[in-house]
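At the far end of the sequence shown sits residue 129, using numbering that gives the first Met the number 0, and the numbering has no gaps.
In what follows, a single structure is set out as structure tokens and then discussed.
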Amino acid sequence: MVHWSATPNGSLLARAISFTYSKISTPGCDGGLKEFIDFNCHVFQGWQESSEQTLEFMSLYQQFEIKMDKVLEDFAESENQNASDIVRKIADIAEGSLDDKAAKSVQMLLRGTDYKKFCMIMRNKAKELF
0 MVHWSATPNG SLLARAISFT YSKISTPGCD GGLKEFIDFN CHVFQGWQES
50 SEQTLEFMSL YQQFEIKMDK VLEDFAESEN QNASDIVRKI ADIAEGSLDD
100 KAAKSVQMLL RGTDYKKFCM IMRNKAKELF
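In structure tokens:
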């Protein structure tokens with residue numbers, strides 16, 4: 000059986016994952032995801048799943064979702080495709096057999112990062128910086 004990454008859509012997924020992570024981890028990248036996370040993570044210091052959720056957390060999450068949507072649109076443009084075609088192709092891959100890491104990446108790309116995961120990312124970054 001051919002590994003998922005060796006298929007045309009698998010290669011597309013690998014490029015999408017790389018593109019997305021570079022936007023999150025590279026300072027000064029278009030979209031400002033790294034700067035957004037670094038600037039706002041202090042709000043999540045000490046956050047736990049059982050913590051009371053605030054309107055500020057939700058507002059930051061909504062801003063993050065908008066930025067993630069823009070990343071997907073930018074990736075689609077770099078591939079000379081539209082975002083809905085990219086999402087469809089990535090969803091097709093998700094129906095196949097993926098390893099755990101790839102499956103998590105597909106979920107992130109298709110659904111964005113869920114609220115709980117976003118809070119964990121922000122808390123972990125706060126721990127790192129403060």
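Built from N, CA and C at the ideal position, the CB exists for glycine as well.
DSSP state of residue i, grouped into three classes?
i: Glu-34; result: helix
i: Pro-7; result: helix
i: Asp-98; result: coil
i: Ser-17; result: helix
i: Cys-118; result: helix
i: His-41; result: helix
i: Phe-62; result: The amino acid at residue 62 is misidentified as Phe; the sequence shows Gln. Looking at Gln-62 - three-state DSSP - the assignment turns out to be helix.
i: Asp-84; result: helix
i: Asn-198; result: The structure shown does not extend to residue 198, since the chain spans only 0 to 129, so no value can be given for it.
Counting C-beta neighbours from all protein chains within 10 Å, is the total for residue i 16 or more, i.e. buried, or is it exposed?
i: Thr-25; result: exposed
i: Thr-19; result: buried
i: Met-57; result: exposed
Is it the case that the Cβ atoms of residue i and residue j are separated by a distance below 7 Å?
i: Phe-74; j: Ala-15; result: yes
i: Asn-8; j: Lys-103; result: no
i: Ala-101; j: Phe-43; result: no
i: Lys-69; j: Leu-32; result: no
i: Phe-35; j: Phe-117; result: no
Under the assumption that residue i contacts residue j (Cβ atoms under 8 Å), give the Cβ distance between them as a whole number of angstroms.
i: Ile-85; j: Leu-71; result: 7 Å
i: Leu-59; j: Asn-39; result: 5 Å
i: Lys-115; j: Glu-48; result: 7 Å
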